[in-house]
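The structure under discussion appears below in the form of structure tokens.
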Amino acid sequence: MINRASIFLFISIFLCSPCVFAERLKDLAKVAGVRSNQLIGYGLVVGLDGTGDQTSQTPFTVQTFKNMMSQFGIVVPDNINPQLKNVAAVSIHSELPPFHKVGQTIDVTVSSIGNAKSLRGGTLLMTPLKGADGRVYGIAQGNLVVGGFGAEGSDGSKITVNIPSAGRIPNGATVERMIPSLFAEGNTLTFNLNQPDFTTAKHVSDAINLMLGPGIAAAEDAGSVVVSAPLNVSQRVTFLSVLENLEITPGESSAKIIINSRTGTIVIGQNVRVSPAAVTHGSLTVSIAESKEVSQPNALAGGQTAVVPNSDISVEQQKSRMFVFDTGVSLDEIVQAVNQVGAAPGDLMAILEALKQAGAIRAEIVVI
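Everything in the sequence shown is counted per the working numbering, starting at 435 for the first residue and increasing by one.
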């Protein structure tokens, strides 16, 4: 019986081979050059209720504050170290989606980089957001939405729910510069498969050629399919809208068993097969119970009362359960056999590894 202390989540993915599942091309691949870009910035959050940075431990907060005040013509003397309990230094990051134009807004995430206890109720001051090339692509500012909160007592006891040192600003950044796209360049479009597979790449090219004519699409490798496209941008958009809704039957994935040794999660893929093998599972339990008894000898014989230890040892051996795998056993049969044995996570991992070492399992075992 599985111990509740070690929760075992056994996920089995079983897809019957006779069934055919078609997916849209937009779910299987992305168009080369159509991508989002990451943005990052550094700024200050003000208006906190005494939960900001402790400036004695975060000198960069004071430095940033002085730099900001100098831009407004206010000079803070160097010998003055302001206590900014209502101010926190933060990092801001966001993702600029493709084709976003100047003036459109995007969401931003704000995270404390100092020792601020909470950003709840704070306001982010105007902060430039830069790309990997160092250029400014957006300006962020606004009131934070923080899902977590914390409370602390005078005796040092405290409670925290979620993460109060991070928050979001919906539509908190305005796009100031567009990112060039390669979508309209050249006379071809390239579809990059999310999961490279030679069979899927061939199915994609065959389906496009079947609909548009031979020679329109060609698979470059297991991850890319090149398609001839119109030069006119408007026609290219219409052309792509037709292709991305084309239904493709993806190739079956390779046989894999994924084991998460930290959580006990085991995922067995569809195409896992085993050769003839026999597996036995059992355990031996030894229990020792210690107790003390009082010995009361005959007083006339001169004996003395004493405490005598008493040990009770019992041995319990569970019945070993054995199951046999025949040639070409499928996933559902493996799952049923393992469930009948009632193997714990560690036992099941050992069984799968032993089958792999014995050459009886046709799958790659990946431990994460």
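Ideal Cβ positions, reconstructed from N, Cα and C, are used throughout, including at glycine.
Proximal residues to residue i (C-beta, below 6 Å), its chain only, five neighbours per side dropped
i, result
"isoleucine 799", "Ile691 and Lys790"
"glycine 601", "Val544, Leu553, Leu578, Val579 and Val580"
"valine 638", "Val659 and Ile682"
Reference residue i, options the options, closest by Cα
i, options, result
"isoleucine 613", "Gly565, Met502 and Ser552", "Gly565"
"valine 542", "Leu578, Thr633 and Thr489", "Leu578"
"serine 545", "Thr539, Pro531 and His527", "His527"
"asparagine 621", "Val570, Ala600, Val660 and Phe632", "Val660"
"threonine 557", "Val524, Lys464 and Pro630", "Val524"
"leucine 665", "Gly703, Ala618, Asn694 and Gly649", "Ala618"
"glutamine 472", "Lys464, Gln517 and Gly568", "Gly568"
"lysine 519", "Pro532, Ile785 and Thr492", "Thr492"
"leucine 482", "Tyr571, Val468 and Gln517", "Gln517"
"valine 671", "Arg696, Gln538, Phe533 and Gln505", "Phe533"
"asparagine 694", "Ala784, Val708 and Asn605", "Ala784"
"tyrosine 571", "Lys535, Ile597, Asn596 and Thr739", "Lys535"
"isoleucine 650", "Gln629, Phe673, Val667 and Ala463", "Phe673"
"glycine 537", "Glu529, Val510, Asn605 and Lys500", "Asn605"
"glutamine 409", "Ala663, Ile603 and Leu646", "Here the chain covers residues 435 to 802 and nothing more, so residue 409 does not appear."
"glutamine 629", "Gln669, Asn596, Ser688 and Asn501", "Ser688"
"glycine 555", "Ala463, Thr485, Gln505 and Val510", "Thr485"
"valine 708", "Ala463, Leu786 and Lys464", "Leu786"
Residue i classed as buried or exposed, judged by whether at least 16 other C-beta atoms fall within 10 angstroms
i, result
"isoleucine 802", "exposed"
"aspartate 512", "exposed"
"proline 684", "buried"
"methionine 503", "exposed"
"leucine 616", "exposed"
"aspartate 487", "buried"
"serine 803", "In this structure the chain extends from 435 to 802, so residue 803 is not present and cannot be described."
"aspartate 631", "buried"
"glycine 703", "buried"
"serine 599", "buried"
"leucine 443", "Unreliable placement is indicated for leucine 443, whose pLDDT of 38 sits below 50; the coordinate value is still reported in the next sentence. The residue in question, leucine 443, is exposed, as its Cβ has fewer than 16 Cβ neighbours within 10 Å."
"valine 521", "buried"
"threonine 634", "buried"
"isoleucine 508", "exposed"
"valine 667", "exposed"
"alanine 788", "exposed"
"threonine 792", "The identity of residue 792 in the sequence shown is alanine, whereas the question assumes threonine. Exposed, because fewer than 16 other Cβ atoms sit within 10 Å of the Cβ of alanine 792."
Assigned secondary structure, residue i (DSSP; H/G/I helix, E/B strand, else coil)
i, result
"valine 579", "strand"
"glutamate 678", "coil"
"leucine 616", "coil"
"asparagine 501", "helix"
"aspartate 541", "strand"
"asparagine 515", "coil"
"asparagine 643", "helix"
"lysine 460", "helix"
"arginine 670", "helix"
"alanine 788", "helix"
"phenylalanine 533", "coil"
"leucine 782", "helix"
"alanine 797", "coil"
"phenylalanine 494", "helix"
"phenylalanine 803", "With the chain represented from 435 up to 802, any question about residue 803 goes unanswered, as that position is not in the structure."
"lysine 551", "coil"
"phenylalanine 455", "coil"
"alanine 652", "strand"
"alanine 566", "coil"
"threonine 633", "helix"
"valine 480", "strand"
"leucine 718", "Caution applies to leucine 718, whose pLDDT of 46 falls short of 50 and renders its modelled position unreliable; the value that the coordinates give is listed next. Strand."
"valine 524", "strand"
"valine 638", "helix"
"glutamine 704", "coil"
8 Å Cβ shell around residue i - same chain, five flanking residues per side excluded
i, result
"isoleucine 573", "Met560, Thr561, Pro562, Leu563, Ala607, Thr608 and Glu610"
"phenylalanine 494", "Ala523 and Gly548"
"valine 496", "Thr489, Asn515, Pro516 and Leu518"
"proline 531", "Ser470 and Ile540"
"alanine 466", "Leu616, Leu623, Thr624, Phe625, Asn626 and Ser658"
Check: residue i C-beta below 7 Å from any heavy atom of the ligand ATP
i, result
"proline 604", "Ligands are entirely absent from the displayed structure, and the ligand ATP is therefore not among its contents."
Chain-order list of residues whose beta-carbon lies under 7 Å from that of residue i (same chain, five-residue window excluded)
i, result
"threonine 498", "Leu478 and Ala523"
"glutamate 686", "Gln704 and Asn705"
"serine 662", "Asn621, Thr622 and Ile650"
"lysine 500", "Val510"
"lysine 636", "Ala653"
### Query
Quick one: any contact between the region 558-572 and the region 471-483, if contact means 3 or more CB pairs under 8 Å?
yes
### Query
Three or more C-beta pairs closer than 8 Å, one from the region 458-470 and one from the region 542-550: is that the case here?
no
### Query
If you pair each beta-carbon of the region 645-662 with each one of the region 622-637, do three or more pairs fall below 8 Å?
yes
### Contact between the region 664-680 and the region 630-649 (3+ Cβ pairs under 8 Å)
yes
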